[in-house]
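Comments concern the structure below.
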Amino acid sequence: MFENIFRYRGGRYLWWSLILVIISVGLYTSHSAANPPSGSSWQGYTLGTLGALLIVWLSWLGVRKRSYKSTMGTVQGWTSAHIYLGTAVLIIGSLHSAMEFGWNVHTVAYVLMCLVIFSGFYGLHVYINYPHSLAENRRGGSRQTLFAELYDLNTRGLALVGNCSADLQGAISSSIERTAIGGGVLAQLFAKDNSLVATDAGKPAPNKDQQYVVDLVAERIPKAERAAEAVALEEMLSLLCRRQTILRRIRRDIQLEGWLRVWLYVHVPLTIALIVALIVHIISTFIYW
Amino acid sequence: MEGANQAQAAADFEVAIVGSGPAGLSAAGRAQFHDAQNGLTAPSYVLLEGFNAPAKTIQQYQKGKHVMAEPGFLDLRSDFDFQAGTRESILGEWQTSLEAQGVNIRYGADVTQVSRQGDVFQLACADGSRLTARSVILAMGTAGNPRKLGVDGENLPQIQYQLDDPDAYSDEVIVVVGAGDAAIENAIALSHHNEVVIVNRRDEFSRAKDGNLNAVLAAINDPKNKFSCLYETNVLRVEENAEGDIPITIWFETPDGEKAVPCHRVIARLGGIPPRKFVESIGVEFPNARPDAVPELSSTYESNVPGVYVIGALAGCPLIKQAMNQGHDVIEFIRGNLIKPADHPLLEYQFHMMPFMREVDELLELFQQRIPMFRELNTLNFRELIIESNVLVSYAEGPMHQEAQTKLDTLLGQLQDKDPQPRTARIIEEGAYLYQQGDYATSFFTIVEGEVIIEDGHGEVLRTLGRGEFFGEGSLISGQARKETARAGSGCILIESPRRTMVKLMNSNEEVRAGIDWIFIVRELQRHFAPEATFQQLRDIAQNTPIREFKAGEVVYRQGEDGASMHLMRSGSVNLSRSTDDGPPVLVAELRAGELFGQMSLMGDPSRRESAVASVASETIEIDRTQFLALIELNEAGVASLQQQVSSQALALSQMEVRTESTGVMQFLMNNGLGEATDALLIDERLCVGCDNCEKACAETHDGISRLDRSAGPSFAYIHIPISCRHCEHPHCMKDCPPNAINRGLDGEVFIDDTCIGCGNCEANCPYDVIKMSYPAPKKPGLFSWMLFGRGDGPGEVEGFEPDDTAKASGKRAVKCDACMNQPGGPACVAACPTGAAKRLSPEQFIRLVD
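Residue numbers (our numbering), protein chains in the order written: chain A, 1 to 289; chain B, 1001 to 1851.
This is the structure in structure tokens:
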């Protein structure tokens, strides 16, 4: 029923790309000793034109994706073609370059092209693999339901804390109040946990993954003086462990969604830079004909 | 008024008008006009209003609500003016006219009893006052009076039965009594600035919509809110406090004993008392016990009690303009002036293409006589039926057809300036399709003249129908696409009635309901068991096969029971599930209208091999052994094919039983109401990257407002059901749309047209929360302005956008998915998904989800 971007229409654009690549390799091998491989042979110009046209078309996905009334195929079809033809451009561009590199604007364009394509590969990797992990991590719910559960656990935890001994009360309620989620871009992408907990020493201690407070409560259970206290502590421990799991899921959710989005902040600006470099490359080629 | 002086001797007034809504006001205005014309000093009429201002229902609209003047093609005929505008401007205008005209209105006159005393009526009011009148006009609408607390102190000034503006109160302790949507919405709105206690008689909020339920539970659990709930609690009394800042104390009976809450205000939202009981106490009869039944009335709005007239919403006309016209006309009728009603021209347009010249009233009578099912209908209902329908006239190709077309074009030319255009007669060519197999049309046809040919999908003629017969009832009842094709034969005159009109008619008229139900059964039996049998042969069988109704979740039969009947699905969806010793029951089939189940018990082992449960409100035709044998006798050759069906169904069920992944997903879909879906948006979570391009596409193709919420909604086994319209077989949203603005497209799309008045009924009626009320979104700069120069917010709905002044003036309208019926590229949400995660699926495709 559902098919991923690789399998779109039986991988139709894979075949298109293969044909393009075969033709390009054919063109490249038609170089002779009198006409050695180069970007400025007629084969080189042809490959360059083809590559440039493909790059322009590939960038056009950004427009097509937002042309919501367009009847020109579906965005999924365009994306599938974007992936296969984008990969083909790597080969076509390399053949066009004929491996003639130097400290010049032409090589800048080539390097940018490679960066764009490799960032695209990374994007493809996250698009193919992360949604699955994201869904698995959410267990049929959504980020909203995860937060709702956390909120519920916080409320219950703060209500239960009254049954614990005075020194634990401060630690537990501060651990709930000083739980840190998210933060800057890096904190989100690497699921940093800067949670803290108040201690007797006065200076708050790190409470990464809530481990500090979980251990604190677990240690106390065998030392409980009354049966009622032991019950309260066990109840609290189970709540804190549940909370630990939910927090892990929330951080994982933020992390996965972050990676799903962040690569485009590399891919798109690099594409713009590539187009600029490409224009400079083409103009300079014609000036120094 | 002739004889008015004589009448005054016997009765206080000629006419007493009960209720000062649009209908009552307009009636009073007309009566006042005649009094003024006749130079009467003492008024011949009285307008009685229980509230302290006219038009209570409109007074209770929220502040600044835009009130629309639908239907646009109907002219207003009233001494009061009425144009679309804000609640305040309309009420202000009426108040001014009321005073300027010197209308004889009595406020606080809550009529509790009307009784006949000789040839006059005596009206008794709640305050003990009495008066007499020769005629009584009932115009008090259907909203009813709010139910009171029913305890001591219920009339204290701090006790309110409505809430106009929650922001008018702050820093108060407010007790809200009630557990319905109104109570919850009020309580939540008040809790922003006040301390709120909500009082629920039960131990949960079972009557509330899901959205409100979640909101109230969240509010109760939020420690930051001063919002609490008393469950299983009844109000005992309310007392005034002798001293202190807090004016009253409300006493409760709670599970923990008596409890007192001092408070500033009590808002009681306990629903309304429908006025039907009161109307019946006067002797006015209703055709049946259905809650939406309307009293039977003559063409002059007179009920079965001579001298008692019913107009407005109570007479089944919920629109303001119609009600005002009726108010005007009823006074004329009472005065013996049989004017043509304001909607008379609408009938002329419908009858414009008749091949013979007759007066409108004559034609109405002729039509009604020709159709047996409509003969018993009262004239007013039949009139309404014609106005709301289309009259189709067929002409053979040639000069007659051209001439008719020219005549119609001239009429359409004359009506060009009317916006929107009123419905007119339509011309069809002989042999043209009225509908084709697979069309999602739910209109109902009756044949006044000529014949209609019914064909199967391959063009094979199944039967020919003639004068007085009807067709199209199958889709009307099942909500599914047409199963057959209908073509106009020669010399056709047809009435094509929309679904809403027919539903209203079936609910208010037993003959029409019985007639349609009976034909439906006969045709279904014919289709499934005995295609060659005649109606006469099937008549008795049809009379002995009852229609069974099941609520969502109700069991039709259980696995292991001995069965003695089979079921033919009429509407809704029934799930068959099997239990095995070592696991929970698995769903093995989902059945929709037109499908058979439970045949095995009549054709083999009587023991039921699976349980059958309705997943949504459903109806079946139950066929017992006797009727089944009678059907078999009519068509012995058909037994083999029935046996074949049973055998393939048994095979399919057993195969499905072992495919646990599919059965789990199917069960999930059914639990979430997809049993009544015709076209549902589903998302494969393994492919969805969360880019929300689907929502952006929806907004960009629908005036900047998205009709879908991707991330909300339930998920199971990687299948996610976002909040988006499922285009139900029997759309809940269509249920009570005053201007009939919700329609179904030929491909099944349920959409809202421009006549929406923004009342919000559809939003409240949709169980899946897919309709929202929204102002039109402001225009945005183009895509390239945004991409290249960063102008505007980019594609998609701007969250919390500020509507411009024109948008605010035109008011909120209901918006919902229309399945992109006008988009050549198909549903934009699906076309715009970069990874292929979003798909719109029909019910037949659900089962293949896991393949």
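Think of the CB as a built atom: it goes at the ideal place given N, C-alpha and C, for glycine as much as any other residue.
On a predicted model such as this, the values are computed, not experimentally measured, just so you know.
Contact of residue 1689/B with chain A by beta-carbon distance below 7 Å involves 127, 131, 260. In the three-state scheme derived from DSSP, where H, G and I count as helix and E and B as strand, residue 1846/B is classed as helix. Within the same chain, and ignoring the five residues on either side of residue 1693/B in sequence, the residues whose Cβ sits closer than 7 Å to its Cβ are 1832, 1833, 1834. Residue 286/A is classed as exposed because its beta carbon has fewer than 16 other beta carbons within 10 Å across all chains shown.
Proximity of the segment 79-95 of chain A to the segment 114-122 of chain A meets the contact definition, three or more beta-carbon pairs being nearer than 8 Å. Restricted to the segment 1456-1532 of chain B, the alpha helix (DSSP H) segments that are unbroken, complete and at least 4 residues in length are 1473-1478, 1499-1508, 1510-1528, listed in chain order. The beta carbon of residue 142/A falls within 8 Å of a beta carbon belonging to chain B, placing the residue at that interface.
In the DSSP assignment, residue 1257/B falls within the beta strand (DSSP E) that extends over 1257-1263.
As summarised for the segment 1016-1059 of chain B, the continuous beta strand (DSSP E) elements at least 3 residues long and confined to that stretch are 1045-1048, given in chain order.
Listed along the chain, the chain A residues whose CB falls inside 8 Å of the CB of residue 1660/B amount to none; the nearest CB is some 17 Å away.
Membership of residue 1744/B in the beta strand (DSSP E) is indicated by the continuous run 1742-1744. A distance below 8 Å separates the beta carbons of residue 1290/B and residue 1507/B. The C-alpha of residue 1681/B lies about 28 Å from the C-alpha of residue 1218/B. Scanning chain A for C-beta atoms nearer than 9 Å to the C-beta of residue 1693/B yields 65, 66, 68, 75, reported in chain order. One alpha carbon belongs to residue 1021/B, the other to residue 1293/B, and they sit about 20 Å apart. Residue-level contact check: residue 1278/B does not touch chain A, since none of the beta carbons of chain A fall below 8 Å from its beta carbon. Closer than 8 Å to the CB of residue 79/A there is at least one CB belonging to chain B. If you look at residue 1248/B, you'll find it in the beta strand (DSSP E) that goes 1248-1254.
With contact defined as three or more Cβ pairs closer than 8 Å, the segment 1693-1703 of chain B and the segment 1596-1614 of chain B are not in contact. Under the three-state reduction of DSSP, residue 1557/B is assigned to strand. Going by DSSP, residue 1839/B is part of the beta strand (DSSP E) stretching over 1838-1841. Within a 10 Å sphere around the beta-carbon of residue 1541/B sit 16 or more other beta-carbons, which makes this residue buried. Check the Cα spacing between residue 1661/B and each of 1846/B, 1313/B, 1629/B, 1070/B: the tightest is with 1846/B. Residue-level contact check: residue 155/A touches chain B, since one or more beta carbons of chain B fall below 8 Å from its beta carbon. Selection 1457/B, 1453/B, 1460/B, 1458/B evaluated against residue 1467/B yields 1453/B as nearest (Cα-Cα). By the neighbour-count criterion, in which a residue is buried when 16 or more other Cβ atoms sit within 10 angstroms of its Cβ, residue 1791/B is exposed. In its chain, beyond the 5 residues on either side, 1421, 1424 have a beta carbon closer than 8 Å to the beta carbon of residue 1412/B.
Residue 1574/B is positioned such that its CB atom lies closer than 8 Å to that of residue 1614/B.
Nearest to residue 72/A by C-alpha distance, out of 1807/B, 1651/B, 1824/B, 1245/B, is 1824/B. When DSSP reads this structure, residue 1124/B sits in a beta bridge with 1113/B, 1130/B. When Cβ-Cβ separations below 8 Å define contact, residue 257/A makes contact with chain B.
A Cβ of chain B is located within less than 8 Å of the beta carbon of residue 4/A. Apart from sequence neighbours up to five positions away, the residues of its chain that approach residue 1053/B with a beta-carbon distance below 6 Å are 1059, ordered along the chain.
Here the segment 1260-1267 of chain B lies against the segment 1166-1180 of chain B, with 3 or more beta-carbon pairs under 8 Å apart.
Using a 10 angstroms sphere on the CB of residue 1673/B, the tally of other CB atoms reaches 16 or more, which defines it as buried. In the DSSP assignment, residue 1684/B falls within the unbroken beta strand (DSSP E) covering 1680-1684.
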